[in-house]
Amino acid sequence: MHILKAAVATLVLLAPQTLAARDVAVVIDQQDYRSLEDLPRDARISSMANALRKSEFEVIEVKNATLSELRAALFTLNSTTDNGADRVVIVVRGHLLSDPRQTWLLSQEARAPDRFDIGAKALPIPLFDEALDAAAGRAVLALIQDPRPIEDVDGLDFETLTYTPLQGTTVLKGSSRDVQAALNNLLAEGGTTRQIERGIDDLEVTGFVSGSVAFTPREPTEARSDNRDISRDSGEVAFWNAVREIGSDAALRSYLERYPNGQFAANAKGLLSQRENDREARLKEREEALNLSREQRRDVQRDLSLLGFDPRGIDGVFGPATRSAISAWQDTQGREAHGYLDRDQLQVMQEFALRRAAELEEEARRRREIEDARDRAFWQDTGARNTEAGYRSYLKEFPDGLFADIAREELDTIEAERRAEMDARERAAWDEAREKNTVQSYRAFLNAHPDGVFADAAKTRIDQLTNESDNNEETRKRLQAAENAVAGNSAVRLLVENRLRSLGFDTGKVDGAFDRDARRAIRRFQKSRDLSVTGFVDQQTMVQLLLGR
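Residue numbers (the UniProt record's numbering): 1 to 549.
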């Protein structure tokens, strides 16, 4: 235990100077357990730690550690390698168990582990990935499998250790004898991961294996310790060689993150730029092979909008906004977000959109049933009593309701009777207000005749016009512009009116004119779909109208 505490304390003191720790190693030996069977004592583990020290590694040596002590050692390792490292070696010996996703190292206090509580008793091996990634190309993880495994563990395996290494990490699995021999090969001057198995029969080596990236440089140790610039340059060259060996975009970006102004930065940026251009050309060709028509592209934009990704218009043109929407959808699907579609993605998107359309239709049906029931109940409490107050109360709550026409006809009759009784001045003022039919005209009437026969009627009309959202000229122009963008010609307007009628909304005469009856039908449809109720057809309204296209 004292080995762990001394090592961690020393490394914590060094943390502010982490740039000096260019070669870092962790050697973990869990041989004594409180409840589980102990592992045989193995002097090779300490020998490996000493060999690493002789090779100028900062060594964190951990022995018989609890879970909290293992985590402390991991924290120290990550802090030490936070600004990068030339070489990282992690040697792990102890009871190792795997579930289908990862391998775990049991802590000293662990007892009777199973797949449900393993996380409270063991350290996941992938937690070392952060430190290993700091020295990609010269990063080694050695898992020493002991001849005394734990057997009969529910849902966990001791024979096959599950671990997927990051790019640039070399993984060794075998006995302490084989791992020690492999480490000696690596620490020899000019040693590479390609030579790691030299003279070893039973060692399993996976991950990054290269004969061109030297794990241990050929220059003398004194030169490395006395001249930091030479060390820094050799470290960068070694890292660049590893990046070229790996060859992936992620490796190139990793180099640029570590050496943004490095001697190979221009090369890395050039390679990434060239690959990006080539990649985009391939993606574009793959989408063009679909031969999508203008209408099919509109369908894609409708599907995107339906799924919550705004293409900023349904015009059949895949501009930046549509590409961005496709990218966002791809990202939520766990796909590479590049903004171009292939046949498989197109089919998946269509299936998702159809499913979402069915969900929206069902939601709208249920919402309309509830709203209609509330409408009828309110009518029974108000308009069905055949009073002026009842009609006005109903229209205030349901201006586009099921009984709105009946209420208005009855009020017209009442108003006609009153008009015959009113004096000529008030009658002329009322006729003028109705002819203009604006909020301002009715307010002017109320100012002149606050207690007039038609005062209540004027207030009702003000409420109706305010609800219709088109009384404000600026608002009306904005809504009209949005409508013109998606339903700007009579053919599309006829399509909208026919679609509304097929869904049970009365548009009056189907002529593509979008008169008062059509506006009311649009408002009722928007309300049933939980859309913004304006009476004007915008992109979202059009998308949901065409769900059953």
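Quick reminder that beta carbons are idealized off the backbone N, C-alpha and C, glycines included.
Cβ-Cβ distance between residue i and residue j below 9 Å
i           : j    : result
I196        : T170 : yes
Y163        : I200 : no
F128        : L203 : no
Q31         : S107 : no
L307        : R356 : yes
N437        : R461 : yes
R87         : Q180 : no
A238        : Q167 : no
S490        : G512 : yes
Q350        : D299 : yes
K527        : D400 : yes
R529        : L360 : yes
E111        : S176 : Looking at the sequence itself, residue 111 is Arg, so the reference to Glu does not match. No.
F445        : A458 : yes
M542        : I314 : yes
L547        : L500 : no
residue 616 : D23  : Beyond the ends of the chain as shown, which are 1 and 549, falls residue 616; an answer cannot be given.
A337        : Q330 : yes
Buried versus exposed, by CB contacts within 10 Å (16 or more), residue i
i           : result
T475        : exposed
A131        : buried
G535        : buried
D114        : exposed
V317        : exposed
R478        : exposed
K173        : buried
residue 617 : A query on residue 617 cannot be resolved here, the shown segment of the chain reaching from 1 to 549 and no further.
E483        : buried
D451        : exposed
Q192        : Residue 192 is actually Thr in this sequence, not Gln. Flag for T192 reads buried.
T387        : exposed
T103        : buried
G94         : buried
T76         : buried
T332        : exposed
H84         : First, the amino acid is wrong: residue 84 is Gly here, not His. Buried, since its Cβ has 16 or more Cβ neighbours within 10 Å.
E409        : exposed
S68         : exposed
A266        : exposed
Limits of the beta strand (DSSP E) - the one that residue i falls within
i    : result
V27  : D23 to D29
E61  : E58 to K63
T206 : E204 to G207
T169 : T169 to G174
R376 : Where R376 is concerned, there is no enclosing beta strand (DSSP E), although the alpha helix (DSSP H) it sits in stretches over R343 to D381.
S212 : S212 -> no beta strand (DSSP E), and no H or E assigned at all.
S98  : L96 to S98
L105 : T103 to L106
Start and end residues, alpha helix (DSSP H) containing residue i
i    : result
P124 : No alpha helix (DSSP H) contains P124, which is instead part of the beta strand (DSSP E) from A122 to P124.
S46  : A43 to K54
R524 : R516 to S528
R253 : D249 to R258
A134 : Unbroken run through A134: none, as it is neither H nor E.
T332 : P320 to T332
R478 : E473 to A487
T541 : Q539 to L545
V439 : V439 to A448
E93  : At residue 93 the sequence reads Arg, which differs from the Glu that was named. Careful: R93 lies outside any alpha helix (DSSP H), inside the beta strand (DSSP E) at R87 to R93.
V300 : R294 to L306
L161 : No alpha helix (DSSP H) holds L161; DSSP gives it neither H nor E.
G390 : E388 to E397
V496 : S490 to S502
D431 : A424 to K436
A73  : L67 to T80
Rounded separation between residue i and residue j - CA only
i    : j    : result
K396 : A389 : 11 Å
N241 : Q145 : 31 Å
G371 : L465 : Strictly speaking, residue 371 in this sequence is Glu, with Gly absent from that position. Distance between the alpha carbons of E371 and L465: 22 Å.
G247 : V209 : 13 Å
I28  : V92  : 5 Å
L52  : D82  : 20 Å
R101 : V205 : 19 Å
V533 : L290 : 38 Å
N434 : E415 : Reading off the sequence shown, one finds Arg at residue 434, where the question assumed Asn. Near 12 Å, if we compare the C-alpha coordinates of E415 and R434.
T66  : E109 : 6 Å
R365 : F398 : 18 Å
L70  : A358 : 52 Å
Residue-chain proximity (residue i, chain B), Cβ-Cβ < 9 Å
i    : result
A457 : Of the chains in the structure shown, none is chain B; there is only one protein chain.
Is there contact here, the region 50 to 62 with the region 135 to 154, by at least three beta-carbon pairs under 8 Å?
-> Counting Cβ pairs under 8 Å, fewer than three are found: no touch.
Check whether the region 181 to 201 and the region 152 to 162 are in contact - that is, three or more C-beta pairs closer than 8 Å.
Taking a cut-off of 8 Å for Cβ pairs, the region 181 to 201 and the region 152 to 162 do not touch, as fewer than three such pairs fall below it.
Does the pairing of the region 522 to 533 with the region 338 to 353 give three or more beta-carbon distances under 8 Å?
No, the region 522 to 533 does not touch the region 338 to 353.
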